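Enquirer: In this note's numbering, the protein residues as written are 4 to 336.
Glycine included, every Cβ here is placed at the ideal spot set by N, Cα and C.
On a predicted model such as this, the values are computed, not experimentally measured, just so you know.
Handing you a structure now.
Printed below as a string of structure tokens:
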């Protein structure tokens with residue numbers, strides 16, 4: 004009974020964070036807007052200049068931030084469960100770097116203004132990068148994935164792919180300034196049409212991750228134990244891997260590589276709601292959306308009236324958390 008109440012309390016906290024983050028993000032910008040004006044715009048439509056700013060500029064940005072944060076956090080939760088490694092996250096094991104490289108290549112090769120095309124390349128890059136990291140991170144003598152090898156392989160692949168991305172940009176200097184802001188991770192200037200083109204992939208990935216949560220719980224018992232209770236270990240891992248690729252790849256296609264949401268949020272949720280992934284995955288999505296909204300708000304305040312890319316803010320906030328985990332040497336869930 005206590006666990007259920009604790010999880011419901013966690014759900015309430017997540018909804019509160021999401022609501023506050025949403026309102027505060029709509030209020031914040033080069034021109035501060037009062038809460039009453041924000042609520043008036045949402046309820047009655049755009050009647051004044053400030054209300055039009057809320058509806059046409061800040062609302063699409065906030066909705067995109069919610070979706071990206073939710074998808075990255077859910078992907079991080081699934082990745083940590085699959086690898087049984089609390090340091091696993093899409094950005095730390097090369098998925099973001101792979102998706103980013105393939106998106107950059109598609110922009111230069113195809114030069115088409117359709118996000119769904121970039122999404123396809125992002126998914127391909129994410130799958131290639133994750134496959135290489137998992138291959139390098141596996142211990143052939145035991146047939147499993149070791150946390151240390153996974154982190155080292157992820158760092159090496161991320162550095163390699165990021166270097167290739169920078170090399171491509173150097174060869175196309177005319178696009179360097181345009182791409183720099185995207186590569187830092189940003190939801191500024193994004194439109195709902197861009198989110199709409201990638202939304203089917205993101206929604207399918209999130210639904211798949213939530214549906215697999217019960218099987219992921221059984222995988223935590225070990226492959227042999229999971230098989231004994233009727234779980235297809237290989238099929239579950241492949242499906243979960245596909246969900247991570249869809250979530251991370253689609254997010255990178257829209258907003259660029261935004262780090263540390265996938266690392267930190269599952270830890271926060273796990274400390275509040277326990278170890279049941281039927282709760283961890285959806286609650287991670289909820290908290291991820293709220294926290295990325297707060298990070299977006301902070302990115303608009305640091306050098307007001309200018310702003311920094313949201314990826315810079317999440318890195319500044321997430322780096323101390325990563326150092327904390329590394330110092331505690333928490334290598335297994």
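Might you give, ordered along the chain, the residues of its own chain that have their beta carbon closer than 8 Å to the beta carbon of residue 144, omitting 5 neighbours on each side?
Expert: The predicted position of residue 144 is uncertain, since its pLDDT is 49 and thus under 50; a value taken from the coordinates is nonetheless stated next. Correct list: empty, nothing qualifies.
Enquirer: For residue 327, does the count of other Cβ atoms within 10 angstroms reach 16, so buried, or fall short, so exposed?
Expert: Under this definition residue 327 is an exposed residue.
Enquirer: CB-CB under 6 Å to residue 2, same chain, minus the five flanking residues each way: which ones, in chain order?
Expert: This structure cannot speak to residue 2, because the chain is shown only from 4 to 336.
Enquirer: Run the CB neighbour count on residue 47, radius 10 Å, all protein chains shown included, and call it buried at 16 or more, exposed below.
Expert: So residue 47 ends up on the exposed side.
Enquirer: What are the start and end residues of each continuous alpha helix (DSSP H) run of 4 or more residues lying completely inside the stretch 189 to 266, in chain order?
Expert: Listed in chain order, the complete alpha helix (DSSP H) runs (minimum 4 residues) inside the stretch 189 to 266 are 195 to 214, 216 to 222, 226 to 231 and 236 to 258.
Enquirer: Start and end of the alpha helix (DSSP H) containing residue 305?
Expert: That residue, residue 305, is in no alpha helix (DSSP H); it is neither H nor E in DSSP.
Enquirer: At a cut of 8 Å, does the stretch 70 to 88 reach the stretch 241 to 260 through at least three beta carbon pairs?
Expert: The stretch 70 to 88 vs the stretch 241 to 260: in contact.
Enquirer: Below 7 Å CB to CB, which residues in the same chain sit around residue 316 once its five sequence neighbours on both sides are set aside?
Expert: The residues are 298, 301 and 302.
Enquirer: Under 8 Å Cβ to Cβ from residue 65, same chain only, skipping five residues before and after it: list those, please.
Expert: Same-chain partners within the cutoff: 25, 28, 29, 296 and 299.
Enquirer: Here's the rule I'm using: 16 or more other beta-carbon atoms within 10 Å means buried, otherwise exposed. How should residue 12 be labelled?
Expert: Answer is exposed; the Cβ neighbour count stays below 16.
Enquirer: So which of 44, 121 and 269 has the shortest CA-CA distance to residue 383?
Expert: Absent from the model: residue 383. The displayed extent of the chain is 4 to 336, so no value can be given.
Enquirer: Can the beta-carbon of residue 122 be found less than 7 Å from the beta-carbon of residue 201?
Expert: Yes, the Cβ-Cβ distance between residue 122 and residue 201 is below 7 Å.
Enquirer: Measure the alpha-carbon distance for residue 146 versus residue 251 and round it to whole angstroms.
Expert: Only weak support is given to the placement of residue 146: the predicted model assigns it a pLDDT of 44, under 50, and the value that follows is read from those uncertain coordinates. Distance between the alpha carbons of residue 146 and residue 251: 26 Å.
Enquirer: Distance check for residue 94 and residue 168, CA to CA, integer angstroms please.
Expert: Cα to Cα, the separation comes out at about 15 Å.
Enquirer: When the Cα atoms are used, what is the spatial distance from residue 38 to residue 9?
Expert: So the two alpha carbons sit approximately 31 Å from each other.
Enquirer: Determine the burial state of residue 345: buried for a count of at least 16 other Cβ atoms within 10 Å of its Cβ, exposed for fewer.
Expert: With the chain covering 4 to 336 only, the question about residue 345 has no answer from this structure.
Enquirer: Once you ignore the five residues that flank residue 33 on each side, which residues in its own chain have a CB closer than 7 Å to its CB?
Expert: Contacts found: 308.
Enquirer: Apart from the five residues on each side of it in sequence, which residues of its chain come closer than 7 Å, Cβ to Cβ, to residue 43?
Expert: Within the same chain, residue 43 has close Cβ partners 54.
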